[in-house]
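See below for the structure under consideration.
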Ligand SMILES: [Zn+2]
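Numbering (the working numbering), first residue to last: 1104 to 1207.
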């Protein structure tokens, strides 16, 4: 049942249409999408978190939630899926990228 809830959270966050032109979006990797019509790129919540962590280094769950405004439930889902992982068993998190493990 928990799994279903997480799946739904993620599904709801899927981007389908381009904000710029309404064209179809294709998922590239790590929460990033490209528009098949105009080439614009978009990020879903995971992409936003990943970008933040890339630019600012590993950060705590609380900081991620505060800075990005993404719900804690969704951050928990990414943790459960191991798309976000703790750095050296500290409370700081980093994002897994395509080369580091499972990618949807
Ligand atoms: Zn577009």
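Using N, Cα and C, we set each Cβ at its ideal position, and we do this for glycine too. Just so you know, these numbers come straight off a predicted model, no measurement behind them.
Taking C-alpha positions only, residue 1126 is separated from residue 1147 by approximately 16 Å. In the structure shown, residue 1171 falls within a helical segment according to DSSP collapsed to helix, strand and coil. Closest in C-alpha terms to residue 1141, from the list 1169, 1184, 1123 and 1117, comes 1123. In the DSSP assignment, residue 1156 falls within the unbroken alpha helix (DSSP H) covering 1148-1159. When only Cα atoms are considered, residue 1121 and residue 1192 end up about 38 Å apart. Contact annotation: residue 1136 and residue 1154 have beta-carbon atoms that are not nearer than 8 Å.
Per DSSP, reduced to three states, the secondary structure at residue 1143 is coil, with no helix or strand assignment. Sequence-distant partners of residue 1144 (beyond 5 residues in either direction) whose C-beta falls short of 7 Å from its own C-beta, in its chain, are 1135, 1136 and 1137. Only residues of its own chain outside the window of five on either side were considered, and among them 1190, 1193, 1195, 1196 and 1197 have a CB closer than 8 Å to the CB of residue 1161, listed in chain order.
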